[in-house]
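Participant:
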Ligand code: SF4
Ligand code: SF4
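Numbering (this note's numbering), first residue to last: 1 to 191.
Put into structure tokens, the structure is as follows:
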């Protein structure tokens, strides 16, 4: 018979021996492997009582950062939304009014900023795309909810606290070179 493709394999169809037909040696072999695992170091943890330590660059829940003076960094440029492959980010831009300079870093800011966590695949593209160091992913995991609406995170959940002691440290998410590049005032988008 001619092979249909070059990848086809002739399989052996040999008759099973007596021991193969009664399956006992195979079952005992399987049990030996199972019992062997009982005395090894466990690779599982008793979640949620015990939680694993996540890597510093784990991609979990997002945070919208403030600058050193507590102003929101996001300028509603929309680059994160464009970069998002899951179309999970939506925002509404607004113009900063006189007297709001202490709240928003740029003349334009996001009056509404939402991430649909049901769509998000935690790829980190939004973090990469942001020219203002405004959005980062964090080590915090997104918890399950009973209602879908609760998984659409708005600014109330995403923007980090004003209190400097409660700010979220994201310095380990970037290499020193990237950090230096993003803080270089020579580039207009860093000013
Ligand atoms: S992590 Fe990826 S999927 Fe999630 S919001 Fe950012 S770009 Fe979209
Ligand atoms: S988070 Fe960054 S990329 Fe997204 S709208 Fe704000 S400034 Fe632009």
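The beta carbon of each residue, even a glycine, is placed where N, CA and C say it ideally should be.
(1) So, helix, strand or coil for residue 157, using DSSP?
(2) Confirm, please, whether the CB-CB distance from residue 88 to residue 120 is below 9 angstroms.
(3) Indicate whether residue 103 and residue 73 have their beta-carbon atoms separated by less than 9 angstroms.
(4) Residue 172 lies in the alpha helix (DSSP H); which residues open and close that run?
(5) Report the rounded CA-to-CA distance for residue 91 versus residue 111, giving the unit in angstroms.
(6) Leaving out five residues on either side along the sequence, give the residues of the same chain with a beta carbon under 8 angstroms from the beta carbon of residue 172.
(7) In whole angstroms, what separates the C-alpha of residue 117 from that of residue 61?
(8) Between residue 153 and residue 131, what straight-line distance do the alpha-carbon atoms span, to the nearest angstrom?
(9) Give me the residue from 106, 86 and 150 with the minimum Cα distance to residue 95.
Facilitator: In brief:
(1) Note: residue 157 maps to helix in three-state DSSP.
(2) Contact annotation: residue 120 and residue 88 have beta-carbon atoms nearer than 9 angstroms.
(3) The Cβ atoms of residue 103 and residue 73 do not sit closer than 9 angstroms to each other.
(4) Looking at the DSSP string, residue 172 is not in any alpha helix (DSSP H), and its letter there is neither H nor E.
(5) For residue 91 and residue 111, the distance between alpha carbons rounds to 7 angstroms.
(6) Closer than 8 angstroms at Cβ, skipping near neighbours: 56 and 57.
(7) The alpha-carbon atoms of residue 117 and residue 61 are separated by roughly 8 angstroms.
(8) Answer to the nearest angstrom: the Cα atoms are 22 angstroms apart.
(9) Residue 95 has its Cα closest to that of 106, out of 106, 86 and 150.
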